[in-house]
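Q: Numbering (mature numbering (1 follows the signal peptide of the UniProt record, and there is no 0)), first residue to last: -20 to -1, 1 to 196. Ideal Cβ placement from N, Cα and C applies to all residues, glycine included. All values derive from a computational prediction rather than experimental measurement. The structure under discussion is supplied below as structure tokens; questions concerning it will follow.
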């Protein structure tokens, strides 16, 4: 939460300082994404690829020449579908040893977890050729509806390309987490042990943005 408040203050400072600069832009953006949840060997159950969406606002300003930067805040929805295989003797993150004589009773199936995030993305963008640009950056995100333990902030890096036609800007980006993340998933073993989900963040994102106010 402290990191979120700090980034919120940075965003407000960015916006206020941008107003005093030339070539600034404020706008709205939306995204659709393909979520590819990487499995962590020996620690996670199989997962299905799913879809996600998001919406937010951003502030952008020119830095020098063809280089610009943007900072935003947005809401992101993701859905995780995980296979669970739990029994009376659980190991690790809700799994069990199927060869053990001490876990004869098991429960199996697929479980969906809706994930609601607050995300603060920062990007650098370079106009490479006419309307074609490349971009990269980092994201700080906070999962709001599950307990993520002591490490509350998820950090991702992003790399992509895009183009601008009139005022509408689109980009295709690959987003990946710097490290594995997880949360308590509210599934319990037969013995009442709480289980958890661990995964690696991988996203293929289509982003659309449109300015609502700008100054050349």
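(1) Using a Cβ-Cβ cutoff of less than 6 Å, which residues in the same chain neighbour residue 10 once the five nearest sequence positions on both sides are dropped?
(2) Output needed for residue 114: all residues of its chain with C-beta closer than 6 Å, excluding positions within five of it in sequence on either side, in chain order.
(3) Looking at the unbroken beta strand (DSSP E) that takes in residue 191, where does it start and where does it end?
(4) Where residue 92 and residue 15 are concerned, what is the direct C-alpha to C-alpha distance, given to the nearest angstrom?
(5) So what does DSSP say about residue 25, is it helix, strand or coil?
(6) Helix, strand or coil for residue 146, going by three-state DSSP, please let me know.
(7) Tell me which same chain residues have a C-beta within less than 6 Å of the C-beta of residue 26, skipping the five on either side of it?
(8) Would you grab the beta carbon distance between residue 134 and residue 181 for me? Rounded to a whole angstrom, and I think it's under 8 Å.
(9) I'd like to know whether the C-beta atoms of residue 130 and residue 155 end up nearer to each other than 7 Å.
(10) Where DSSP assigns a beta bridge to residue 107, which residues make up the other side?
(11) In or out: residue 66 buried (at least 16 other Cβ within 10 Å) or exposed?
(12) Have a look at 31, 7, 8, 4 and flag the residue whose alpha-carbon is nearest the alpha-carbon of residue 17.
(13) How big is the Cα-Cα spacing for residue 55 and residue 86?
(14) Can you name, in chain order, every residue of its own chain whose Cβ lies under 7 Å from the Cβ of residue 151, other than the five neighbours on each side?
(15) Name the DSSP bridge partner or partners of residue 126?
A: Taking the structure as given:
(1) 35, 188
(2) 106, 108, 141
(3) 182 to 195
(4) 13 Å
(5) In the structure shown, residue 25 sits in coil (DSSP, three-state: anything other than H, G, I, E or B).
(6) coil
(7) Same-chain partners within the cutoff: 63.
(8) 7 Å
(9) no
(10) 113
(11) buried
(12) Closest option to residue 17, Cα to Cα, is 31.
(13) Cα to Cα, residue 55 sits roughly 37 Å from residue 86.
(14) 115, 140, 141, 142, 187
(15) None; residue 126 has no bridge partner.
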